[in-house]
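Remarks on the structure that follows.
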Amino acid sequence: MEKLPRLLLEGGLGWNYHLTVVLKTKNQWARDDPAFIVICSLLLVVATVAYCVTYDHSSSHAVVVVVSVLLTHFLITGAVIATCCWFLTNSYLREETPNSHVVEQRVEWLYTFDVHCNSFFPMFVLLYVVHYFLSPLLIAHGFIPLLLSNLLFMVGASYYHYLNFLGYDVLPFLERTTFFLYPIGVVIVLSPILILSGFNPSRYFMNMYFSQRL
1025 MEKLPRLLLE GGLGWNYHLT VVLKTKNQWA RDDPAFIVIC SLLLVVATVA
1075 YCVTYDHSSS HAVVVVVSVL LTHFLITGAV IATCCWFLTN SYLREETPNS
1125 HVVEQRVEWL YTFDVHCNSF FPMFVLLYVV HYFLSPLLIA HGFIPLLLSN
1175 LLFMVGASYY HYLNFLGYDV LPFLERTTFF LYPIGVVIVL SPILILSGFN
1225 PSRYFMNMYF SQRL
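Structure below.
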């Protein structure tokens, strides 16, 4: 447990040593152990079950919610993001190698999914765990819940993209990786617009999954 604050603060930097070891011993950047994916999936299931116990009254619907959240929030979305990043890095962000004798390096798709998982975990803590304990306040009516909900989602989404950037910035054969920081600017610009329009993301997602008029 004492490693959790360090993991949240360092994010992608916490696994630089692991990447170096894997590259030297197995000539690959991606983890070959799916344990972290399994851990993230289990934690997401547990968190979703907690929401269902609190806000749902149907066991069958709770199962649907758990499966839906696991697939759409983590696995499918992660696969789509990983595929986009895999295409972008290999097509546009790799350094040109003028020496034909240098072995060309490419970003593996599994590595891009690793980056997604590593970036997802701190966002999970903010938008699933912290959000759960604050949800009675965040789904209430009024400007303060609206403001806090948008700020929490802004921090969570921004931190995800920051760690996503770190995951690619550590690769020595990539350049212009600051491209992955651009979504943070979009999030920061979009958040005040959502606040002024009266959109509460907490109420939106709770209504969507639990069909409640909060």
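Taking the numbering used here, the leading residue of the sequence shown gets 1025, the next gets one more, and so forth.
Backbone N, C-alpha and C define an ideal beta-carbon position, used for all residues, glycine too.
Euclidean distance between Cα positions of residue i and residue j
i, j, result
"residue 1057", "residue 1165", "45 angstroms"
"residue 1162", "residue 1064", "24 angstroms"
"residue 1075", "residue 1220", "28 angstroms"
"residue 1048", "residue 1055", "The predicted position of residue 1048 is uncertain, since its pLDDT is 43 and thus under 50; a value taken from the coordinates is nonetheless stated next. Going from the Cα of residue 1048 to the Cα of residue 1055 covers about 13 angstroms."
"residue 1067", "residue 1217", "32 angstroms"
"residue 1234", "residue 1087", "12 angstroms"
"residue 1104", "residue 1111", "11 angstroms"
"residue 1136", "residue 1100", "13 angstroms"
"residue 1228", "residue 1119", "43 angstroms"
"residue 1224", "residue 1156", "15 angstroms"
"residue 1046", "residue 1085", "Because residue 1046 carries a pLDDT of 48, less than 50, the predicted location of this residue cannot be relied on, and the following value inherits that uncertainty. For residue 1046 and residue 1085, the distance between alpha carbons rounds to 42 angstroms."
"residue 1151", "residue 1115", "32 angstroms"
"residue 1145", "residue 1106", "15 angstroms"
"residue 1091", "residue 1213", "32 angstroms"
"residue 1232", "residue 1061", "26 angstroms"
Contact under 8 angstroms by Cβ, residue i with residue j
i, j, result
"residue 1113", "residue 1190", "no"
"residue 1141", "residue 1102", "yes"
"residue 1251", "residue 1093", "A question about residue 1251 goes unanswered here, because the residues of the chain that appear run from 1025 up to 1238."
"residue 1159", "residue 1082", "no"
"residue 1200", "residue 1117", "yes"
"residue 1176", "residue 1222", "no"
Range covered by the alpha helix (DSSP H) that runs through residue i
i, result
"residue 1071", "1059-1079"
"residue 1164", "That residue, residue 1164, is in no alpha helix (DSSP H); it is neither H nor E in DSSP."
"residue 1097", "Unbroken run through residue 1097: none, as it is neither H nor E."
"residue 1209", "1206-1221"
"residue 1196", "That residue, residue 1196, is in no alpha helix (DSSP H); it is neither H nor E in DSSP."
"residue 1084", "1083-1093"
"residue 1153", "Per DSSP, residue 1153 belongs to no alpha helix (DSSP H) and is neither H nor E."
"residue 1134", "1133-1148"
"residue 1229", "1225-1234"
Anticipated Cβ contact below 8 angstroms, residue i with residue j, distance rounded
i, j, result
"residue 1187", "residue 1131", "Rounded, the Cβ-Cβ distance is 16 angstroms, inconsistent with contact."
"residue 1143", "residue 1184", "5 angstroms"
"residue 1211", "residue 1182", "5 angstroms"
"residue 1109", "residue 1139", "7 angstroms"
"residue 1089", "residue 1080", "7 angstroms"
Under 8 angstroms: do the stretch 1165-1176 and the stretch 1194-1213 share three or more Cβ pairs, one atom per stretch? no
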